[in-house]
Amino acid sequence: MKTSSIVPTSPVTIVQRRHSVVFLAIFLAVSSVAWDAVRVAEAKSPAAVFQLTDEPGPWFRCAKGSGCVPAGTQALAVVSPGSVIKFIIGSETETVHTATSLLWPLKPDMSDADSMPFDQPKAFRGTQSVTLTTPGLYVFVCTLHPFMLAAVIVDDAATTGLDLGEKLRLMNGVTFPSLSDLGVRLLRAFFLITNPANYQDRNPATNPGLTWTVSLPAFPVRLTDGTVISLDTLSIVSQPLGGPFTPATSGVGEVWVDAEYEKTAGKSKPGTVTAVDVTTWKVTKKAALPHINMNNPHNMWTDWGQTVIFQTQWFTNKLAVFDRETLKLLRNIQVGHAPAHVMTRVDTDQVHVSINGGDNVVELSPLAANIDRKIPVQFEGEDPGQPHGHWMSHDGQTMVTPNSNTADSTLIDIPPGTIAAKTPTGTLPIATGMMPDTSKYYVSNYVDSTITCISIGPPACKSGSSTFATKTINLLANYDPVSGVITGPVGALPIQTPVSPNGKWMITANTLTATITIIDTATDELVTMLPCSAGCHGVNFGAKQGGGYYAYVSSKFSNDLLIIDPDPDNNGDATDAAVVGRALLVADSGTLMDDTPTQYQGMGGQGVLPIPLVYNGWVQNLPPFWKNQLTPQQQDP
Ligand SMILES: [Cu+2]
């Protein structure tokens, strides 16, 4: 097959490839015997092999095969109909993943493309293959780590431009024209996410003009109604970026942020844990833990004394524990595949780690010295829930999990470790937030762009003057996916969604729209939206000096931390919420470090942990040193 050696890198080579595909089609038309031989050959040698990695950008690295197309991204393949695509989860990653169809084309009769949807019953190590025949754009995602993306374009050689498909369908069933605002946003997002050269550098020292470019390749693509455009016309060119600025009022303590993609000299795997002093807004500490090759640090919590950082390594099976002051490693304990989030239990100081690649939450003894229990999130015989961002109640009695694999949420009675309730959610539930009185909790549904409100006791989810056991809040209600018209607060692909310590607001980081949405828990309605950075991801609340709270927001494809004041005039109403500061996550000469940053500095913002902990239940346990820095109201929310 002549096509196997041609790798399109520019429109010119695309055309060359097209000619050879046409030639191949003619050749095959005269020989069905040859066609069979080709099918056998394809089955043996896939048109594209995606190697799953722990490396920022090429998480699905198109490793070999005729289809791999270098286009800034290394996660794109262009293949002919009938091609076999292979996914390998092996030596280049330390944990389990999935290769799941996130998006696929529809046939003219509006039915799904052949072989779609494509998924596995649970996260795995090994290989999976899928044969793609229907022309159009396919995007594959890991449902554990949803920034891991691969794209395959199945191109019909008889048409002009690479076929993206007339209409596309998301894994939750939503259908939209490829030529639409949503289609364009998703295309840009793919080339942004999978190519770190497109990330936002907000450091004036390395990006003096503070501009941002997202480059898409100059490939001709065919969209709805046969419209052919060059993909690079969708590029974002030299857009101005906000740089660092400091809030007028200090915070209390420090904020730790997982810069999950930052590379350092002393290890092969990515990720640092970065501390920002919230009175000087400087990076004071950066832990890379090179001696354990810390891999993709994702989420953190601390103990009663605020002395250690519990650090999940999302692309391994381990939880690291290090000293918050000295960065000295205390232990690196095996907990289970793809540990995602960690929180403590206020009554015992035990540590709970969600096992995203499995079926349970691990409970460890104080300071994570030993594993005490594994608490299942599903009933016996059910598919593993693969829980992600759990939340714990103010009294240590209740835990809730968003089960990314089973589109539901589990309410766990912690002392006996039993399931009190399981409630259906939207597609790919990823994080939770809970009211300080344990009356209700919220689940963000990543693919649906919705929030599910779930009552814990009597109905507590508000709709007008009524209360309901559950409620779905649509973060896209004010958005037209075709025209792109926005008529109110909007959030697409929501992630972390904590409730403020005083129970008044829930703040959600939305990764596709780069927006922060705020929901008033008294009405369970959206009240406002604020701009975020690319890949908006993590949120947690810390104390504002003199009273009130700041929400600290991290972003994956940017090197900043946003400081949000949800209620600047302190009247309980969040309609005047504002971005009051932006801190850089890049080390400077005053930063205590255990390794030297080399690449993607401060990038990959995910877990956020303000010290001292100020959530109800945790704040009461603070040592005097921290408690004395809080107002009476902050000490007893
Ligand atoms: Cu993954």
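Numbered per the working numbering, the sequence shown spans residues 5 to 641.
Cβ atoms here follow ideal geometry from the backbone N, Cα and C, with glycine treated the same way.
At least one heavy atom of ligand 1 is found less than 6 Å from the C-beta of Leu148. Nearest in C-alpha terms to Asp363, of all of Met347, Pro380, Pro370, Thr352, is Pro380.
Per the Cβ contact rule, the segment 525–532 is not in contact with the segment 236–246 (fewer than 3 Cβ pairs under 8 Å). Burial check for His392: the Cβ neighbour count within 10 Å reaches 16 or more, so the residue is buried. The criterion of a C-beta distance shorter than 7 Å is not satisfied by Pro493 and Gly437. C-alpha of Thr454 to C-alpha of Ser593: approximately 43 Å in a straight line. In chain order, Thr454 place their CB closer than 7 Å to the CB of Asn478, counting only its own chain and leaving out the 5 sequence neighbours on each side. Closest in alpha carbon position to Glu59, among Ala201, Arg189, Gly247, Asn299, is Asn299.
Under the DSSP definition of a beta bridge, Gln204 partners with Ser562.
According to DSSP, Phe326 shares a beta bridge with Ile313, Leu333. Under the 10 Å beta carbon count, Asp262 is surrounded by 16 or more other beta carbons and is classified as buried. In this structure, DSSP gives Leu588 an extended state, which the three-state scheme calls strand.
For Lys475, no alpha helix (DSSP H) segment is defined; the enclosing uninterrupted segment is the beta strand (DSSP E) at 474–478. Residue pairing by DSSP places Lys508 in no beta bridge whatsoever. Around the beta carbon of His295, fewer than 16 other beta carbons lie within 10 angstroms, which makes this residue exposed. By alpha-carbon distance to Pro200, the top candidate from Tyr619, Asn303, Gln603 is Gln603.
Between Thr352 and the set Met396, Ser358, Gly385, Leu333, the nearest pair of CA atoms involves Met396. The beta-carbon separation of His101 and Trp318, rounded to 11 Å, does not stay under the 8 Å limit for a contact. Per the coordinates, the alpha-carbon of Tyr619 lies some 10 Å from the alpha-carbon of Met439.
Ala291: member of the beta strand (DSSP E) spanning 287–291, first to last residue. Under a 10 Å Cβ-count criterion, Ala154 is classified as buried, with 16 or more other Cβ atoms of the shown protein chains found around its own Cβ. For the set Pro601, Asn625, Gly621, the Cα lying nearest the Cα of Lys271 is the one of Pro601. Ranked by Cα distance from Leu626, the first of Lys273, Thr99, Asp307, Val584 is Asp307. Between Ala518 and Ala538 the beta-carbon gap is near 6 Å, inside 8 Å, which marks them as a contact. In terms of side-chain proximity, the C-beta atom of Met152 is found nearer than 6 Å to a non-hydrogen atom of ligand 1.
Within a 10 Å sphere around the beta-carbon of Phe54 sit 16 or more other beta-carbons, which makes this residue buried. The alpha-carbon separation between Leu415 and Ala424 amounts to approximately 5 Å. Measuring C-alpha to C-alpha distances from Ala555 to each of Asn303, Thr164, Pro505 identifies Pro505 as the nearest. Within its own chain, the residues whose Cβ lies closer than 7 Å to the Cβ of Ser254, once the five positions on either side in sequence are excluded, are Val282, Thr283, Gln549, listed in chain order. Judged by their CB atoms, Asp599 and Thr268 are nearer to each other than the 7 Å cut-off.
In its chain, beyond the 5 residues on either side, Ala75, Gly76, Leu235, Asp236 have a beta carbon closer than 7 Å to the beta carbon of Pro221.
Cα atoms of Met533 and Asn563: separation of roughly 21 Å, rounded to the nearest angstrom.
For His302, the shortest C-beta to heavy atom distance toward ligand 1 is 6 Å or greater. Among the bridge pairs identified by DSSP, Pro628 is matched with none. In this structure Ser448 is buried. Its beta-carbon is surrounded by 16 or more other beta-carbon atoms within 10 angstroms. Just so you know, the alpha carbons of Ser408 and Gly609 end up roughly 21 Å apart.
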